[in-house]
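Trainee: Protein sequences appear in the order of chains A and B. Those letters in the first sequence? Residues 0 to 259, per numbering that gives the first Met the number 0, in order. Those letters in the second sequence? Residues 0 to 259, per numbering that gives the first Met the number 0, in order. Note that the Cβ used here is the ideal one computed from N, Cα and C, for glycine as well.
There are 2 protein chains.
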Amino acid sequence: MSVPLTAGNTRVKEARKLSRRSVRTERRLFLADGPKAVEGAARLPGCVVEVFVTPTARAAYADVLVAVEQVTVVDDRAMASLSDSVSPAGLVAVCRHLDVPLETVTAGRPQLLVICADIRDPGNAGNVIRTADAAGADAVILAGRSVDIYNPKTVRASVGSVFHMPLALVPDPAAAVAAVRDAGCAVLAADGAGEVDLFEADLRGPTGWLFGNEAWGLPGHLASLADHRVSIPIHGRAESLNLATAAAVCLYTSAASQRR
Amino acid sequence: MSVPLTAGNTRVKEARKLSRRSVRTERRLFLADGPKAVEGAARLPGCVVEVFVTPTARAAYADVLVAVEQVTVVDDRAMASLSDSVSPAGLVAVCRHLDVPLETVTAGRPQLLVICADIRDPGNAGNVIRTADAAGADAVILAGRSVDIYNPKTVRASVGSVFHMPLALVPDPAAAVAAVRDAGCAVLAADGAGEVDLFEADLRGPTGWLFGNEAWGLPGHLASLADHRVSIPIHGRAESLNLATAAAVCLYTSAASQRR
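Next comes the structure, spelled out in structure tokens:
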């Protein structure tokens, strides 16, 4: 067995640069950290370029690594330099970007789509992708100035779902709304001030949900592009719901209506 | 106007000790950080002992402070030592503990109760309390070895809802389940392996939801105490849902059924 590479090794240093968004975007590569993420990446043909692993993790996660062609053993310090986790599990994959063109997402009669406009918190973005996956959505569109879906926190919070869900990145939220409507979906904006109560809405048809920023919600000009603005009723004294929480309630209510 | 107190002042130092759980528990006091939290606390009679504020924040949040008897002006360094926020808003309240006896929570025919058993993440706990508030739940019971609800992260994630919702702390989860059932509620355990599909369950009657730890869920012996074990259907390839997300879907589905 070869000697583990150290943090100063050129390949380790090059991989470490993927912690920067600009480098990720330029190289169209990102890091997937931990066994869940590496397993998800390894199941996706053509996704994994290389997996860095500590000797201990190589033995512990042999089942995950069996599908990986290029496995590189590194020491604990090198692993710590690649992982953004406080206690690294010992394996990090260099992965190719996953996003697909908007046309791919809107082809083939989608039933349930998610558009996130200007979502900024990496954990929220990952959690929304995970929830969309669980609710059976066809795809998630990250629109506007949204967080980088290849941020390690987003990848981690998605618990593998970034590798399951078709993801599209669209700079202009209005273009995303138009494309989703053209695909045959009613576009519903989640809006605390919306005129339709979620639980009184007819959600049986193909639907595209539009969610706004976690702090300031959907700006009026975007909300007005939707076919309806839908509010989750607040029965108590809370002012609002967390974005990922609100998305979960909307998506599961939609999924239940469509499948009834 | 008096000179702002510094970080070395005895009262500031004593308040700062409330960042430790042991001191919070012993004194039955905690810190509420930021305008939302201080406003929530100030509206609750008898809750606020004292508010520490920077000169700038005193001017900016005069409307919040008008209801507070004891306002103490401190300098920016003293504020930074009291706040656990990276960018403190400039006001922190010393508050009396809010939790009520379990008997208070189960009195008066509750319709929707939440039991969290061994919930460990402070942000998750706060988010569940906020969601329970929004969904119109009557109270949240933190059972077993759950996170301290007076943790600053929990208070912040609740966005004021710790001041709205009756909260009970119960060391023994089984005792909480028994009390909720005695109050006339069907106890439903949220369990990924549950035998009842959430969207096929009859949720019209009074209900107590039982949620487990974010990592390992509900242990079998606790799940078996519930009347039914209810699963949220996973339509896609996600393995599970985030705890706060799952709680939101369960509580809103219950609330919608009860109010239909």
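How should residue 62(B) be labelled, buried or exposed, when 16 other C-beta atoms within 10 angstroms of its C-beta is the threshold for buried?
Mentor: Result: exposed.
Trainee: What residues in the segment 227 to 247 of chain B have a beta carbon less than 9 Å from any beta carbon of chain A?
Mentor: Of all residues in the segment 227 to 247 of chain B, 231, 232, 233, 234, 235, 236, 237, 238, 239, 240, 241, 243, 244, 245, 246 and 247 have a Cβ within less than 9 Å of some Cβ in chain A.
Trainee: Less than 6 Å between C-beta atoms, sequence neighbours within five positions excluded: which residues of the same chain meet that for residue 33(A)?
Mentor: The answer, listed in chain order, is 88.
Trainee: Going by DSSP, what residues sit across from residue 75(B) in a beta bridge?
Mentor: Residue 75(B) pairs with nothing; no bridge assigned.
Trainee: Using a Cβ-Cβ cut-off of less than 8 Å, list which residues of the segment 135 to 149 of chain A approach chain B; keep chain order.
Mentor: Residues passing the 8 Å Cβ filter: 135 and 136.
Trainee: Relative to the C-alpha of residue 207(A), which candidate in 178(A), 196(A), 130(A) and 198(A) has its C-alpha closest?
Mentor: It is 178(A).
Trainee: If you follow the alpha helix (DSSP H) that residue 38(B) is in, where does it begin and where does it stop?
Mentor: Run containing residue 38(B): 34 to 42, per the alpha helix (DSSP H) assignment.
Trainee: Please name the residue in 125(B), 152(B) and 66(B) whose C-alpha comes closest to that of residue 139(B).
Mentor: The residue with the shortest Cα to Cα distance from residue 139(B) is 125(B).
Trainee: For residue 7(B), tell me which candidate among 22(B), 251(B), 78(B) and 35(B) has the shortest Cα-Cα distance.
Mentor: Comparing Cα-Cα distances from residue 7(B) to each of 22(B), 251(B), 78(B) and 35(B), the minimum goes to 78(B).
Trainee: Would you list the one or two residues that DSSP bridges to residue 230(B)?
Mentor: Paired residue(s): 196(B).
Trainee: Given a cut-off of 8 Å, decide if residue 193(A) and residue 134(B) are closer than it, judged by their beta-carbon atoms.
Mentor: In this structure, residue 193(A) does not lie closer than 8 Å to residue 134(B) by Cβ.
Trainee: Return helix, strand or coil for residue 102(B), following the three-state DSSP convention.
Mentor: Three-state result, residue 102(B): helix.
Trainee: Could you list which residues in chain A have their beta carbon closer than 8 Å to that of residue 132(B), in chain order?
Mentor: Correct list: 235, 236 and 237.
Trainee: In this structure, does DSSP put residue 148(B) in helix, strand or coil?
Mentor: Three-state result, residue 148(B): coil.
Trainee: When you compare the CB of residue 123(B) with every CB in chain A, is at least one pair closer than 8 Å?
Mentor: False, the Cβ-Cβ gap to chain A never drops below 8 Å.
Trainee: When the cut-off is 8 Å and only beta carbons count, does residue 126(A) lie next to chain B?
Mentor: Closer than 8 Å: yes.
Trainee: With 8 Å as the threshold, decide whether the Cβ of residue 210(B) is near any Cβ in chain A.
Mentor: With 8 Å as the cut-off, residue 210(B) does not count as an interface residue toward chain A.
Trainee: When burial is assigned at 16 or more other CB atoms within 10 Å of the CB, is residue 171(A) buried or exposed?
Mentor: Per the 10 Å Cβ criterion, exposed.
Trainee: Does residue 160(A) come within less than 8 Å of chain B when only Cβ atoms are used?
Mentor: Chain B, which has a Cβ nearer than 8 Å to the Cβ of residue 160(A), makes this yes.
Trainee: If you draw a straight line from the C-alpha of residue 91(A) to the C-alpha of residue 27(A), how long is it?
Mentor: Spanning the two alpha carbons is a distance of roughly 16 Å.
Trainee: Just checking: is the beta-carbon of residue 60(B) within a distance shorter than 8 Å of some beta-carbon in chain A?
Mentor: Taking Cβ atoms only, chain A never reaches closer than 8 Å to residue 60(B), which makes this a no.
Trainee: Alpha carbon to alpha carbon, how far is residue 152(A) from residue 250(B)? Give it in angstroms, no decimals.
Mentor: C-alpha separation (whole angstroms): 27 Å.
Trainee: Evaluate the contact criterion for the segment 212 to 224 of chain A versus the segment 101 to 120 of chain A: three or more CB pairs, one atom per stretch, below 8 Å.
Mentor: Taking 8 Å as the limit for Cβ pairs, the verdict is that the segment 101 to 120 of chain A does touch the segment 212 to 224 of chain A.
Trainee: Show which residues of chain A have a CB atom less than 7 Å away from the CB atom of residue 255(B).
Mentor: By Cβ distance, chain A contributes 198.
Trainee: If I measure Cβ to Cβ from residue 110(B) and keep anything under 7 Å in the same chain, skipping five residues before and after, which residues do I get?
Mentor: Contacts found: 137, 205 and 257.
Trainee: Look up residue 126(A) in the DSSP assignment and say whether it is helix, strand or coil.
Mentor: Correct three-state label for residue 126(A): helix.
Trainee: What in chain B is Cβ-close to residue 203(A), meaning under 7 Å?
Mentor: Residues of chain B passing the Cβ test: none, with the nearest at roughly 14 Å.
Trainee: Suppose you measure from the CA of residue 95(A) to the CA of residue 113(A); what does that come to, to the nearest Å?
Mentor: Residue 95(A) and residue 113(A): Cα-Cα distance of roughly 23 Å.
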